[in-house]
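Numbering (the numbering used here), first residue to last: 688 to 809.
Using N, Cα and C, we set each Cβ at its ideal position, and we do this for glycine too.
Just below is one structure, and these are the notes that go with it.
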Amino acid sequence: TVAAVDCGTPLNENLVRVQTEGGLVQGIGMALYEDVTYLKNGHVCENSLMQYKLPSRLDIGNVQVEFECSYEPTGPFGAKSIGEIVINTPSPAIANAVYNATGVRIRELPVTAEKIFKGLNQ
688 TVAAVDCGTP LNENLVRVQT EGGLVQGIGM ALYEDVTYLK NGHVCENSLM QYKLPSRLDI
748 GNVQVEFECS YEPTGPFGAK SIGEIVINTP SPAIANAVYN ATGVRIRELP VTAEKIFKGL
808 NQ
C-alpha cells in the first residue's frame, strides 16, 4: 500500500508518517469492512469488537508513505491538515477500482463481494 500526501511543510515527519498510516488503515476499514447491521427488533448485531470487523496490520500489509511537500501560507509554518485527508481518500479509490474492474458502481459502503455480485447480475 502506497500513500502520497501533500501536507504542506511537515513539522514532524515521523508523526505525519504515522498519522498517514493510521488514517489510511481507517479509511480502508471504512471502505471494506466496517458495517453495522440490525436485527428486526432493532438490536445491533455487531455489539462488540468480536463481531465488528476492523482491519489489522495483516489485512493491510506494509504502508509506504511519500510526501509531496509544499508551503501553505495560511497554515502554521507552512503546514496543512493531515488527519482528514488520508481517511477520506481510500473509499472512493477502492470503489472506483471496483467499477473499473467490473463495471459495477458501489455507492454505499462497505464495498463487499455480495454487492459486486448483485451488481454483476443486474
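key: Counted within 10 angstroms of its Cβ, other Cβ atoms place A690 as buried (16 or more) or exposed   = With 16 or more other Cβ atoms within 10 Å, it is buried.
ask   = Which residues in the same chain have their Cβ closer than 7 Å to the Cβ of N775, if we skip the five residues on either side of it in sequence?
value = Excluding positions up to five away in sequence, the list reads G714.
request  = State the Cα-Cα distance for the pair N699 and Y786, rounded to the nearest angstrom.
outcome  = Spanning the two alpha carbons is a distance of roughly 37 Å.
query = Using the beta-carbon count (16 or more within 10 Å), is Q706 buried or exposed?
reply = A residue is called buried once 16 or more other Cβ atoms fall within 10 Å of its Cβ, and Q706 is buried on that count.
DSSP state of V798 mapped onto helix, strand, coil = Three-state DSSP puts V798 in coil, outside helix and strand.
ask   = To which residues of the same chain is S778 closer than 7 Å at the C-beta, ignoring the five residues directly before and after it?
value = Excluding positions up to five away in sequence, the list reads G714, M717, A718 and L796.
ask   = Any idea what DSSP makes of V731, helix, strand or coil?
value = It is a strand residue.
Given E817 as reference, the closest of L736, L807, R704 and M737 once Cα atoms are compared = With the chain running from 688 to 809 in the structure shown, residue 817 is simply not present.
ask   = Is the Cβ-Cβ distance between V773 and V723 less than 8 Å?
value = Cβ atoms of V773 and V723: not closer than 8 Å.
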